[in-house]
Amino acid sequence: MPPLLSMGIRFTLAGLILLAFIRVTKGSKEFAIPRPEILSASVLGFVTLGFGLGNVAVSSKHVPTGVVSLIIAALPLWIALFRTVAREKISKRSWLGTLVGFAGVVILLKPGSIESVSGVDSQTLFFYMFMVLIGNIGWALGTYLAPRFPIPKNSLLFTGIEMLAGGIALTIAALVRGEELSDFLDASNTSWFWFFYLVLVGSIAGYTAYLWLVMNAPVSLTATYAYVNPVIAVILGVLFLNETITLNYALGGAIILLGVLTVVSSERK
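The sequence shown begins at 48 in the working numbering and counts up by one.
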């Protein structure tokens, strides 16, 4: 399936299902929220899902699964950097973890250190790895700004609006990129199975649970997913996609996780 179009339709469909569920269970009064809350949720959808995951979707054709997840694992490092720019006080231990993590990112992004899953040359692969990095910065910016903007108190409503906005943004980007609906519809049964898996499990169940945690649990606790997901993704990539782990891959990934662990453990205090 075309990457941006399939992801755009996925989030649009998931958002509509969530909003319909709220309408049936809570009634139309649940949608009576201030306009600034709708605007904030929509903007966050554009930034995190549209820009952040859009870059990941396009790049995943060329970049190994584990490498994508390791780059995304640097999320707490970017948030620490945004906090510094905003003149918030950052502990020395957090700064140390941030520097260590960035060193790991540099090792991981070094041209020639990773093998492409599509066979493109090292320069092209570096470009797509850099796209993942830029997308992750966008996701981190959205995560950092979310508590500072008015957002709906109903986490399901917040999720539905955000996914609908992100899905529309991704669909528009897909059409501008030249992706065609006929290619999306002409997919294999396996693709359709995993598409609906992502709609129901990846978007509605998983993303809703994540946003609920963001709104109800300490950030230090929620951020621990950042060094659990990469380990799982690397293992799955090796077992099912025959991805090769090079020395720089292993070394850069381990250093990133060490830096993230240092930052998260420091911020927990």
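By construction, the Cβ of each residue, glycine as well, lies at the ideal position given by its N, Cα and C atoms.
Residue 153 - DSSP class collapsed to helix/strand/coil: It is helical.
In or out: residue 165 buried (at least 16 other Cβ within 10 Å) or exposed? With fewer than 16 other beta carbons inside 10 angstroms of its own, residue 165 counts as exposed.
Please state the DSSP three-state secondary structure of residue 48. Coil, per DSSP.
Name the two residues that bound the continuous alpha helix (DSSP H) containing residue 78. Segment: none, residue 78 is in no alpha helix (DSSP H) and carries neither H nor E.
Taking C-alpha atoms, which residue in 304, 242, 292, 82 lies nearest to residue 272? Closest in C-alpha terms to residue 272, from the list 304, 242, 292, 82, comes 304.
List in chain order: all unbroken alpha helix (DSSP H) runs of 4+ residues lying wholly within the region 205 to 253. List check, alpha helix (DSSP H) in window: 228 to 232, 236 to 244.
Starting from residue 277, trace the alpha helix (DSSP H) both ways and give me its first and last residue. Counting along the chain, the unbroken alpha helix (DSSP H) around residue 277 starts and ends at 276 to 288.
Residue burial classification, residue 102 (beta-carbon count within 10 angstroms, cutoff 16): Label assigned to residue 102: buried.
Can you tell which of 281, 308, 251 has its C-alpha closest to the C-alpha of residue 66? Shortest Cα-Cα distance from residue 66 to any of 281, 308, 251 involves 251.
Can you tell me whether residue 194 is buried or exposed, with buried defined as 16 or more other CB within 10 angstroms of its CB? Counting Cβ neighbours within 10 Å, residue 194 comes out exposed, since fewer than 16 surround it.
Collapsed DSSP secondary structure at residue 137 in the structure displayed: Coil at residue 137, not helix or strand.
Of the residues 311, 288, 238, which one's Cα is nearest the Cα of residue 269? Taking only the C-alpha atoms, the option nearest residue 269 is 311.
Contacting residues, own chain, Cβ-Cβ under 7 Å from residue 284 (five flanking each side not counted): Excluding residues within five positions, the ones whose Cβ falls inside 7 Å are 111, 112, 113, 290.
Length of the line joining the Cα atoms of residue 206 and residue 48: When rounded, the separation of the alpha-carbon atoms in residue 206 and residue 48 is 24 Å.
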